[in-house]
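Working notes, beginning with the structure itself.
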Amino acid sequence: MIKYLLLVSLVIHATLANSESASKKWLTLNGQRPSVIARGGFSGLFPESSDFANQMALGTSVHDVVVLCNLQLTKDGVGICQGDIRLDNTTNIAMLFEKGSKTYKVNGQDLTGWFALDFTADQLLANVSLVQNIFSRPSAFDGMLPMSTVDDVRNSNPPAFWLNVQYDAFYTENKLNVTNYIQKATRLQGVNYISSPEIGFLRRTNGVVNKAKTKLIFVFLDKKATEPTTNQTYGSILGNLATIKTFASGIVVPKRLHMALYASGFANDFTTSYNYSYDPSAEYLQFIDNSQFSVDGLITDFPPTASEAVACFAQYPDIKPTKGQALIITHNGASGVNAGSTDLAYQQALEDGADIIDCSVQMSKDGVAFCLDSVDVIGDTTAAAAFMSLSTTIPEIQQPAGIFSFDLLWSDIQTLQPQLTSPFENKGGLPRNPANKNKGKFLTLAEFLELARVKAVTGILINIEVSVSLS
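When you line the sequence shown up against mature numbering (1 follows the signal peptide of the UniProt record, and there is no 0), it's residues -17 to -1, 1 to 454, in that order.
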């Protein structure tokens, strides 16, 4: 896996060098290329903020990647980098300090777990190991890597460093001063960005940092959640961005009032995939590659993917799939995006650069040749609901009973809806987009050939699997 990541890194850096020389114009606040912010390093693969995660983020991302640390404070005031305030969600601390669990009120809610403020830095760094907290991610590095302090991350020499302070009010209530820690950190180490969802903290920090060197970013949480220092919902605060500008230079909402905008919370950072295409760069491109706006930065657990979107794919509208030695032949069109053998599936395949489109020919009862993956129409259509009475068994074709195309008139088939299916769906993996489940219409063979002629495709593939149905 590592060698592939290094190859991606070389491609990203080479592409970025070429793209920057072309002086592309971006719709960001400052007109520069959007930043890539690695939350916890490459935390989509390695445990958050581990040395592996940070080093791999630096090696496989754009050359000016920003490394983000989620700040927690220990009992003795040492800053460590962990996104979850409860360490038992991201480490093996519960196994080592079995009696260390406590309950605290955090932003109005009682939370039970192992908290950094109950342990010294030495206790944590000498004993505790990191684990992945999203179970769909690799567990190969669980229990292998120690926690990182803010100093550790900063000493990895990232081009820029971002400190996110999620729980200032909580630490203040428990006699730990985050503002003093920040003041010292910015003076001794240099911090390029400081973010927080707490207005009170940002107001205090606004007076102690050099705003020419450190940007303050206000992080919006759920609209219905309550901001702890004003007791207003984030939804109501969103309606008064002018006030935010008095203490912050950036936000995580649509750009207004000459403030920088940083996007976070991408589907790729969680257990699902954006729009079921399993193309993680597609979601990033929405926010940076359009004619109306671009966010100023992408905050992500997968910095190589965001880097690829920025450096390789964004702002290249004239690039078309190149014709090389590889020959792209469809399987019922783009049948992973739209229902197979439909007009939408073929159109998508051609837009994606397919060389050859295919039609598996079936015959209706009245002799109309049309495209469908199987002579048994149950799997790819809604026939089971309307024509189950026509179900029959033909051992020469298949062992299970089916509803066969040659038992239906073409007018009957036209009443059916297509069905988007996945070969993995019954095994609990890789579901396909339910929004496209029944979209599109089936094509006769004549319509398929006309589509190929009009679109001037390189070639077509006609597949006749069950010749008995054509006799």
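Ideal Cβ placement from N, Cα and C applies to all residues, glycine included.
From a predicted model like this one, the values you see are computed outputs, not experimental measurements.
- Around the beta carbon of aspartate 272, 16 or more other beta carbons sit within 10 angstroms, so the residue counts as buried.
- In the displayed model, glycine 218 falls within a helix according to three-state DSSP.
- In the DSSP assignment, arginine 170 falls within the unbroken alpha helix (DSSP H) covering 161 to 171.
- If you look at tryptophan 145, you'll find it in the beta strand (DSSP E) that goes 143 to 147.
- In this structure the segment 390 to 401 lies against the segment 338 to 348, because at least three pairs of beta carbons, one per stretch, are closer than 8 Å.
- Between the C-alpha atoms of lysine 88 and isoleucine 20 there is a straight-line separation of about 30 Å.
- Between methionine 39 and leucine 51, the CB-CB gap reaches or exceeds 8 Å.
- Assigned with DSSP and collapsed to three states, arginine 120 falls in coil, not helix or strand.
- In the structure shown, aspartate 93 adopts extended strand secondary structure according to DSSP, grouped into three states.
- Here alanine 243 is not near leucine 281, since their CB atoms are 8 Å or more apart.
- Residue range 18 to 22 is occupied by the beta strand (DSSP E) that includes alanine 21, with no alpha helix (DSSP H) assigned at that position.
- Residue pairing from DSSP places proline 129 in a beta bridge opposite Ser112.
- The three-state secondary structure of methionine 346, taken from DSSP, is strand.
- The alpha carbon of leucine 403 has as its nearest neighbour, out of Asn90, Lys422 and Ile386, the alpha carbon of Lys422.
- Where asparagine 140 is concerned, there is no enclosing beta strand (DSSP E), because DSSP gives it neither an H nor an E.
- Straight-line measurement puts the Cα of phenylalanine 249 at about 8 Å from the Cα of tyrosine 267.
- The continuous alpha helix (DSSP H) containing phenylalanine 35 extends over residues 34 to 43.
- When rounded, the separation of the alpha-carbon atoms in phenylalanine 144 and aspartate 101 is 27 Å.
- In its chain, beyond the 5 residues on either side, Cys342, Val344, Ala352, Phe353 and Cys354 have a beta carbon closer than 7 Å to the beta carbon of leucine 428.
- Here the C-alpha atom of tyrosine 154 lies approximately 25 Å from the C-alpha atom of asparagine 138.
- The Cβ-Cβ distance between alanine 168 and leucine 146 falls below 8 Å.
- For the options Leu373, Asn157 and Asp279, the alpha carbon positioned closest to that of glycine 60 is the one of Asn157.
- Threonine 288 counts as buried, since no fewer than 16 other beta carbons sit within 10 angstroms of its beta carbon.
- With at least 16 other beta carbons inside 10 angstroms of its own, asparagine 53 counts as buried.
- Nearest to asparagine 446 by alpha-carbon distance, out of Ser131, Thr86 and Val358, is Val358.
- In the structure shown, aspartate 105 adopts helical secondary structure according to DSSP, grouped into three states.
- For asparagine 160, the closest C-alpha among the options Thr103, Lys198, Leu56 and Asn90 is that of Leu56.
- When DSSP reads this structure, threonine 86 sits in a beta bridge with Thr95.
- Here the segment 208 to 216 does not lie against the segment 224 to 236, with fewer than 3 beta-carbon pairs under 8 Å apart.
- A distance below 6 Å between beta-carbons, with the five flanking residues on each side excluded, links proline 263 to the following residues of its chain, in chain order: Asn251 and Thr288.
- Residue Ala265 holds the alpha-carbon nearest to the alpha-carbon of serine 290 among Ser274, Ala265 and His314.
- Isoleucine 311 carries a coil assignment under DSSP once its states are collapsed to helix, strand and coil.
- By the neighbour-count criterion, in which a residue is buried when 16 or more other Cβ atoms sit within 10 angstroms of its Cβ, lysine 198 is buried.
- Threonine 375 is not a Cβ neighbour of alanine 368, given a cutoff of 8 Å.
- The alpha-carbon of serine 84 is positioned some 41 Å away from that of histidine 46.
- The beta carbon of serine 112 is closer than 7 Å to those of Thr74, Asn75, Gly126, Met127, Leu128 and Pro129 in its chain, skipping five residues each way along the sequence.
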